[in-house]
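Take 44 as the starting number for the sequence shown in the numbering used here and just add one per residue. All C-beta atoms, glycine included, are put in the ideal place defined by N, C-alpha and C. Some notes on the structure that comes next.
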Amino acid sequence: MALIPPETIDQIIAANDIVEVIGGYFPLKRAGGLYKALCPFHQERTPSFSVNAQRQIFKCFGCGAGGSVIRFVMSYENLDFVAAAKKLAERGGIKLVDAEMSAEDTARFSLRRRLLALHGEAADFFHRQLLRQPSAQIARDYLKGRGIGAEIAKSWRLGYAPDAWDAMRDFARGSGFSEEELLASGLAKLRDEENPRGEFYDRFRGRVMFPICNDNGEVIAFSGRVLEADAKAAKYVNSPETMLFTKGAVLFGLHKSKRAIIDRRSAVVMEGQLDLITAFEAGVQNVIAPQGTAFTEKQARILRRFLPDGEVVLCFDADAAGEKAAERSLVSLLAENLLVRVAAMPPGEDPDSMIRGKGADAFVER
44 MALIPPETID QIIAANDIVE VIGGYFPLKR AGGLYKALCP FHQERTPSFS VNAQRQIFKC
104 FGCGAGGSVI RFVMSYENLD FVAAAKKLAE RGGIKLVDAE MSAEDTARFS LRRRLLALHG
164 EAADFFHRQL LRQPSAQIAR DYLKGRGIGA EIAKSWRLGY APDAWDAMRD FARGSGFSEE
224 ELLASGLAKL RDEENPRGEF YDRFRGRVMF PICNDNGEVI AFSGRVLEAD AKAAKYVNSP
284 ETMLFTKGAV LFGLHKSKRA IIDRRSAVVM EGQLDLITAF EAGVQNVIAP QGTAFTEKQA
344 RILRRFLPDG EVVLCFDADA AGEKAAERSL VSLLAENLLV RVAAMPPGED PDSMIRGKGA
404 DAFVER
């Protein structure tokens, strides 16, 4: 069986904007944030076929067809998955190397699919906790204080990790996931790292949860922010690196913002998730955030794919840490020949506080 590595599939999808690909087959008409047309897969008089540029998916509400850009090419040209992926790889300038899938590769591919499923279900679990559980009131109050209500929380699938040692562990077990899968996902930790058969517990407890997604919108990791004032607790706890997640190779929010980055030919880099969400919901949608304070070389290369001839605006907090992060980011971004400028925040302000206090227009003027 021919193998196209999952990482290469992600690259193929990222390199082929779904609006451009489908628009090359037949005309699309813009309708708000969507693009519409008569469905090519069934007879109809009123357009029910839509393409979502932000989520990079298509959907027909008449016949139910839908999926990624690869799925569209498969259906439209009657190709199998590998043939469609190869066609799009050629279009996107991505070189493929065929290989036969060994037993080890098969097991790895299967585990990756299971971990993606586990992360998706974990995100839904945390999200339900935030919306429904009385114990999550502290998280709802915190988010409300940051200007984030239920609708925004739903849009970003924000969640709450119960303040318990085994809530996620029990949920995952009840959903059919094994202990090995739970540990491989990073959602649980061993009490004794030297004893892989020992007891384990939830990594995230009593925290607001931010799902971290890949370019295709699949949840691959989490970042959890502490709610109680605890000098011993880290302000943020992130998923460890796994087969799905490499911290320095993911940009938070890119799955939502890449269309705006392409359209506006610019990207605004923010320091944290809350800054980014506040800006995005205020209308500044060409925003991304590194998983850490400074850009890495891998992140700069990812951004370069969506921004071949535009500019990057660094917008970090107005403190010493923010200045150092900007300096470190410059090195990586300039190495990719990206045009970079720094937007200085007023003393004592960060993007979140400035947008909520003075509005998006005042922020954009910076």
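Cβ-Cβ separation, residue j to residue i (assumed contact under 8 angstroms), whole Å
i, j, result
"Ser309", "Glu354", "5 angstroms"
"Phe295", "Gln316", "6 angstroms"
"Gln99", "Val112", "7 angstroms"
"Pro283", "Arg155", "That pair is no contact at about 16 angstroms."
"Ser372", "Val312", "7 angstroms"
"Leu201", "Val251", "7 angstroms"
"Leu382", "Ile331", "With a Cβ gap of about 16 angstroms, Leu382 and Ile331 do not count as contacting."
"Leu233", "Phe220", "No, Leu233 and Phe220 are not in contact; Cβ-Cβ is about 16 angstroms, not under 8 angstroms."
"Ala58", "Ile181", "Not a contact, Cβ separation roughly 43 angstroms."
"Ile398", "Phe349", "Rounded, the Cβ-Cβ distance is 23 angstroms, inconsistent with contact."
"Asp245", "Ala231", "6 angstroms"
"Gln342", "Pro333", "6 angstroms"
"Ser118", "Phe104", "Rounded, the Cβ-Cβ distance is 16 angstroms, inconsistent with contact."
"Ala132", "Ile55", "5 angstroms"
"Leu161", "Glu224", "6 angstroms"
"Ala96", "Tyr68", "Between Tyr68 and Ala96 the Cβ distance is about 16 angstroms, and since that is not below 8 angstroms, they are no contact."
For residue j and residue i, the rounded distance between their alpha carbons
i, j, result
"Met3", "Phe169", "Outside the shown range of the chain (44 to 409) lies residue 3, about which nothing can therefore be said."
"Phe253", "Ala292", "17 angstroms"
"Arg29", "Leu81", "Outside the displayed range of the chain (44 to 409) lies residue 29, so it cannot be described from this structure."
"Phe247", "Phe323", "26 angstroms"
"Tyr185", "Asn257", "26 angstroms"
"Ala215", "Ala227", "12 angstroms"
"Ile47", "Arg134", "16 angstroms"
"Asp360", "Ala369", "9 angstroms"
"Ile255", "Leu139", "27 angstroms"
"Ile263", "Leu377", "28 angstroms"
"Asp53", "Asn259", "7 angstroms"
"Phe265", "Asn281", "6 angstroms"
"Arg268", "Glu314", "14 angstroms"
"Glu120", "Pro83", "11 angstroms"
"Leu270", "Gly249", "7 angstroms"
"Ala150", "Leu158", "12 angstroms"
"Arg302", "Glu236", "42 angstroms"
"Cys106", "Lys129", "27 angstroms"
"Ala204", "Arg171", "10 angstroms"
"Thr51", "Gly109", "21 angstroms"
"Asp148", "Arg183", "43 angstroms"
"Ile61", "Trp208", "42 angstroms"
"Phe152", "Ala146", "10 angstroms"
"Lys275", "Asp206", "16 angstroms"
"Val327", "Lys299", "12 angstroms"
"Ala165", "Lys290", "19 angstroms"
"Gly335", "Lys197", "24 angstroms"
"Glu63", "Ser93", "13 angstroms"
"Gly188", "Ile195", "13 angstroms"
DSSP three-state assignment for residue i, whether helix, strand or coil
i, result
"Arg250", "strand"
"Leu154", "helix"
"Met117", "helix"
"Lys130", "helix"
"Arg308", "coil"
"Lys72", "strand"
"Lys367", "helix"
"Ser93", "strand"
"Lys138", "coil"
"Arg88", "coil"
"Ile263", "strand"
"Leu319", "helix"
"Phe169", "helix"
"Ile47", "coil"
"Glu379", "coil"
"Ile125", "The sequence as given places Val at residue 125; Ile does not occur at that position. In the structure shown, Val125 sits in a helix (DSSP, three-state: H, G or I)."
"Thr285", "coil"
"Val64", "helix"
"Phe349", "helix"
For residue i: DSSP bridge partner residues
i, result
"Tyr279", "Arg268"
"Cys358", "Met313"
"Ala343", "Ala343 is not bridged to any residue."
"Gly109", "Lys102"
"Ile55", "Bridge partners of Ile55: none, in fact."
"Leu77", "Ala74, Asn95"
"Arg384", "Val356"
"Ala332", "Phe295"
Checklist entry - In chain order, which alpha helix (DSSP H) runs of at least 4 residues are fully inside the segment 171-259? => result 180-188, 193-199, 210-217, 222-228
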